[in-house]
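What follows is a set of notes on a single structure, which appears directly below.
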Amino acid sequence: MKPILTSLILLLTAGLFPQAAATQELSKELRSQIGDFLNETARKEISVGKIHIDSVNTEGNDLILFANINCSYIPFRTDNVTKIYQGIKALLPLELAKRKLQIRTDHHAIEELIPLALRNTRGRKIPTFSYKADTPLITRLSVPYTPTNGLQNRHIALWQSHGFYYESKLARWEWQRARIFQTVEDLYTQSYVLPFLVPMLENAGATVLLPRERDPQTVEIIVDNDRCRDGHSVYSELNGSKMWKNGEEAGFAHLKRTYKDFENPFREGTYRQVETTKKGTVSVAEWIPEIPRAGRYAVYISYKTVNNSTEDALYTVYHQGGKSQFKVNQQMGGGTWIYLGTFSFGIGKTNCKIVLSNQSAKEGRLVTADAVKIGGGYGNIARSISEEGVTVNTKSSDTMITDTYHPKAQVNYPYEISGYPRFCEAARYWMQWAGIPDSVYSDSHGKNDYTDDYKSRGIWVNYLAGGSAANPTEKGLNIPVDMAFAFHSDAGTTYGDTIIGTLGIFHTSAYNGAYANGASRYASRDLCDLVQSNIVKDVRTLYEPEWTRRGMWNQSYYEARVPRVPTMLLELLSHQNFADMRYGLDPRFRFTVSRAIYKGILQFICSQYKMEYVVQPLPVDHMSLRFEEGNRIKLSWQPVDDPLETTAKADQYIVYTRIGDSDFDNGVIVNSPTYQTVIPSGVVCSFKVTALNKGGESFPSEILSIGKTFNDKGTVLIINGFDRVCAPADFTADADTLAGFLDELDHGVPYKTDISYIGPMKEFRRQIPWMDDDASGFGDSYGTHETMVIAGNTFDYPAIHGEAILKAGYSFTSCSDESIVHPDSSPKERETQICMNDYKYVDLILGKQCQTKMGRGGIRPLEFKTFSKEMQNATTNYCQAGGNFFVSGAYVASDLWDNRLVKANEEDKKFAMEVLKYKWRVGQAARNGKVKSVASPFPEITGSYTYYQDLNPESYVVESPDALEPAAQGAFTILRYSENNLSAGIAYKGNYKTCVLGFPFEAIRTVTERELLMKAILTFFEH
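With mature numbering (1 follows the signal peptide of the UniProt record, and there is no 0) applied, the sequence shown corresponds to residues -22 to -1, 1 to 1001, in that order.
Below, the structure written as structure tokens:
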């Protein structure tokens, strides 16, 4: 039998390799088989074009197979590289299988394309993009922790795609992409970068630099030594042992309302300087702003970098939460706006100010002081058609030089500003306002703002790094940038539920394929692979198993080619594809994607510095507050494990405190998940918690509040049951002819705020193609809200309820809904969790809570049910024990009766009718946002009330309140919607009392109205 098998093998070998013994070449058939094997391997991970073997080298004892570029898109790892070699060797004839096999693609063996972070490099020295970690640009002195295995001392350049720009060919300002699916890419990518990605990187210790305005606050105050245009803000100095004086070069001055062409405000004024002192009397400069309206404001400083600049300029920001101190290395970053942080400021001239001291660890250095910028403001760069003409827009991947043409001369085009908030505008305009040289932001010399914008971002990276170890041969700001990241979304459409998915782009051949320190530009591929892999893995695991991984393109896109530091250009998804955007409009998806990007960046940078990385923890949950004795309170919580990351464990926690109308303080570190303190009486005291480890700080928890009255009538337990964040409602019609998002039904709930919403969708026909950015086809949307910051879920509603409760004469405490336990729970559980039965009054916040899907739905369970089974059981027990239960929410009835995503459960309806004594009448009950009290057996309930029924910056919108009616004897309507007299709220009095409102209490517009209604409800409970 054995000789027969041997003969068969030899015959087969001869067929596939007719001259194998002589020339050792691979036949066309075997190349095809190897290509098929590689394609099968690739399809497990990615969606790319066909892989094939381009050529073969059989010199000596080597067998080298050269695969086409598509093969390089595979995310190579030790395990799949091993399997690839094993699989291909199994296809080779015996003679060739003995040779040393190597598979190459994109100029590298596939094992060399394993990211350094995931590769075994023992015994090998691989040059990395790293340098000695000197003093960073910003050191946050008031932060009570310093990461050791995060991004401490690292500098990251990052931008969020495009922005509003002046289109010379049309003589108008416009977006760079189409309005589609209720957003536009110019704003859409900001909804990841600003609320999620940047804070994650900063919480890991990084200094993050952006070429666009990061503050959506539309007020901007400039305080400067030359003069303050508002006439109210003040710059002042106090001389100690060293004297302030004018610097020798130009500085900032705000002399104009608008700036044209290449005017540079950082060349139109002066700056101040003083020598540092180590032990002498300090000299200080103060910037005291006149704040026109209370709110949160970004604070930017500016100064001049000179020959003897200090590396520890001490800045102190006084804000409503106290003071925060920063050490700024003025040896870098001079002559532009440097972001310190975002803080709450009260109206007018309060105690809020920015102070710079000349105290230093080194005597005789120079501290310089220039303007301070507070808030984002509106764009002030005026544009017109250049006298030199206009050039045609080109793509980032184009390398051709375009001709200049001149528009019709008979039209006199005026200079005009955008009229939009600065955060909406493109990087090119921010750079001009920030003092960046026009050689950076206007490569076309004013002829084409579109091409200038995308080119400027890459050149800006080099300007930031110029003079540092990262880019020593060019002049610049001397900031040692570690990497750059361009966050984009892509175009492209499909029918049905097909995902376009995630593409990564990098470039390696520029600058002779190496960085200044000799490291290979293939480090950018590592960055690209790690970020893309984390995104795809996390999205597939948590939300959509069919999420598409596209290629890793090594292509000459300007933003990837020009930076002299490792750079990735991300195309996250298609903003033009409905299937992608069903996920892409959801804040949960945005958080997960941003965390995945942060993890990829962390892995990359730590691998370059040969450090072990630790991922910052997830936010804590199961929070509760309780009174211990007198005014002593106890705050408890539980850490949350990350199923996607084993290192993301909490080691410690930071507890932040807010008293009354102030802001949160800088926090205190605690080692266990409890915290006790004594609170003052008569004021709302609020707390939030973050988890901490060696990698940094988590996002904050929800905010709980507590308050003690001077003359206590009793204590109310507030349960925060509103933790929903989600995309707007969507639909698909039969035969896939119509689809879209339905704002009128449910706008969704942003995480805190939404800066990407432009207006409701208006084109629902799937067959309508894109024709122009002004006629974008399926998904086309209005632009009614594109300059508005839309309020979402602040996770801060116990304070609003509690303020009204305190005013009514009652104390209160609060907890998260997941911390509620049944009365029969163990004593140990009740030590850190809350039982309703311990309180005479309960106030359940349901806001816009309702059962909600993710993306296309059907993959993971619905979230955010108003009354879970556990909550129903606890509420039933509480009411049967004689409690007083108040609940308000927009979907308090429709979620149980008429949720379009799930069949109604009879047990749910029975609970509402038999325990809380209400029943659903109709959803979307009213539009004008007004309710009024009506005659009932409960005369305590009086007055008229208004709630937020339209999108606005102050409160989440209540677009679909519930009409609900009494469901039992003893229950009566107490409030009706003014526009149609549908029942808006009921009250029940029997062996216990309930009050149920079909609109959220916290969405009532004024403090006075909330206090009146809360007092009425508590009086009803009391009598």
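Glycine is no exception: its CB is placed at the ideal position from the N, C-alpha and C atoms.
Keep in mind it's a predicted model, so treat the numbers as computed, not measured.
Counterpart residues of N35 in DSSP-defined beta bridges: Partner(s): I42.
C-beta contact flag for P53 and D507 at 7 angstroms: In this structure, P53 places its C-beta atom within 7 angstroms of the C-beta atom of D507.
Between the CA atoms of V662 and I684 - distance to the nearest angstrom: Using only the alpha carbons, I get a separation of about 6 angstroms.
Coil, strand or helix - E606 by DSSP: DSSP places E606 in strand when its eight states are reduced to three.
Status (buried if at least 16 other CB within 10 Å, exposed otherwise) for N203: With 16 or more other Cβ atoms within 10 Å, it is buried.
Nearest neighbour of S467, chosen from Q581, I478, V459 [CA to CA]: Ranked by Cα distance from S467, the options Q581, I478, V459 are led by I478.
Three-state secondary structure assigned by DSSP to S498: For S498, the secondary structure class from DSSP, reduced to helix, strand or coil, is strand.
Per DSSP, cross-strand counterpart(s) of C793: According to DSSP, C793 bridges with S602, I697.
CB-CB length for P392 against S417, believed under 8 angstroms: Actually they are not in contact, since the Cβ atoms of P392 and S417 sit about 26 angstroms apart, beyond 8 angstroms.
Alpha-carbon to alpha-carbon, S659 and S956: Whole-angstrom Cα-Cα distance: 38 angstroms.
Spatially closest choice to A890 from V909, V870, L879, A904, by CA coordinates: Comparing alpha-carbon positions, the option among V909, V870, L879, A904 lying closest to A890 turns out to be V870.
Enclosing beta strand (DSSP E) for L187 [first to last residue]: Looking at the DSSP string, the run of the beta strand (DSSP E) that includes L187 is 185 to 187.
Where the alpha helix (DSSP H) through T854 begins and ends: Element bounds for T854: 847 to 858.
Near the ligand PLP: K785 beta-carbon under 6 angstroms from a heavy atom: Looking at this structure, you won't find the ligand PLP or any other ligand, since it has none at all.
Beta-bridge partners of G353, as assigned by DSSP: Residue pairing by DSSP leaves G353 without any beta bridge partner.
Distance, V935 Cα to R118 Cα: If I take the Cα positions, the gap works out to 36 angstroms.
Status (buried if at least 16 other CB within 10 Å, exposed otherwise) for A994: So A994 ends up on the buried side.
Cβ contact check for the stretch 534 to 553 and the stretch 591 to 602: 3 or more pairs under 8 angstroms: They do not touch, by the three-pair rule.
Beta-carbon spacing of V345, T254 below 7 angstroms: In this structure, the beta-carbon distance from V345 to T254 falls below 7 angstroms.
Simplified DSSP assignment, three categories, for H779: Of the three classes helix, strand and coil, the one that applies to H779 here is helix, per DSSP.
Residues of its chain near F842, where Cβ-Cβ distance is below 8 angstroms and the 5 sequence neighbours each way are ignored: Excluding the 5 residues flanking it on each side, F842 has same chain C-beta neighbours closer than 8 angstroms at D701, R702, C704, Q827, C828, Q829, T830, in chain order.
Bridge partners - V865, DSSP secondary structure assignment: Partner residues in the beta bridge of V865, as assigned by DSSP, are L822, V974.
Per-residue DSSP class, three states only, for M739: Under the three-state reduction of DSSP, M739 is assigned to strand.
The stretch 137 to 149 in contact with the stretch 451 to 471 per 3-pair CB rule at 8 angstroms: Segments in contact, yes.
Member of L929, G976, E932, N969 whose CA lies at the smallest distance from the CA of T951: Comparing alpha-carbon positions, the option among L929, G976, E932, N969 lying closest to T951 turns out to be G976.
Nearest neighbour of F174, chosen from K6, I414, F569 [CA to CA]: Nearest option by C-alpha distance: F569.
C-beta contact flag for N286 and R343 at 7 angstroms: Yes, Cβ-Cβ distance for N286 and R343 is below 7 angstroms.
D821 beta carbon less than 7 angstroms from that of V694: A contact, by the Cβ cut-off of 7 angstroms.
Proximity to P565 [Cα-Cα], best of D732, F709, W411: Looking from the CA of P565, the closest CA among D732, F709, W411 belongs to D732.
CB of Y51 within 7 angstroms of CB of I24, strictly: Cβ atoms of Y51 and I24: closer than 7 angstroms.
P944 in three-state terms, based on DSSP: In this structure, P944 counts as strand in the three-state DSSP scheme.
Check whether I12 and I29 have beta carbons under 7 angstroms apart: By the CB criterion at 7 angstroms, I12 and I29 fall outside the cutoff.
Cβ neighbours of T1 in the same chain (closer than 7 angstroms, five flanking residues each side left out): For T1, the predicted model reports a pLDDT of 40, less than 50, meaning its position is unreliable; a value from the coordinates is still stated below. Cβ within range, chain order: n/a, list empty.
Spatial neighbours of G413 in its chain, beta-carbon cut-off 8 angstroms, leaving aside the 5 residues before and after: Around G413: F230, N242, P243, F244, R245, S280, G313, T314, W315.
Alpha helix (DSSP H) segment containing E549, residue limits: Looking at the DSSP string, E549 is not in any alpha helix (DSSP H); the run it does join, the beta strand (DSSP E), is 545 to 552.
Completely contained beta strand (DSSP E) runs for the stretch 145 to 228, where each covers 3 or more residues: As far as the stretch 145 to 228 is concerned, its whole beta strand (DSSP E) runs of at least 3 residues are 150 to 152, 185 to 187, 199 to 201, 212 to 216.
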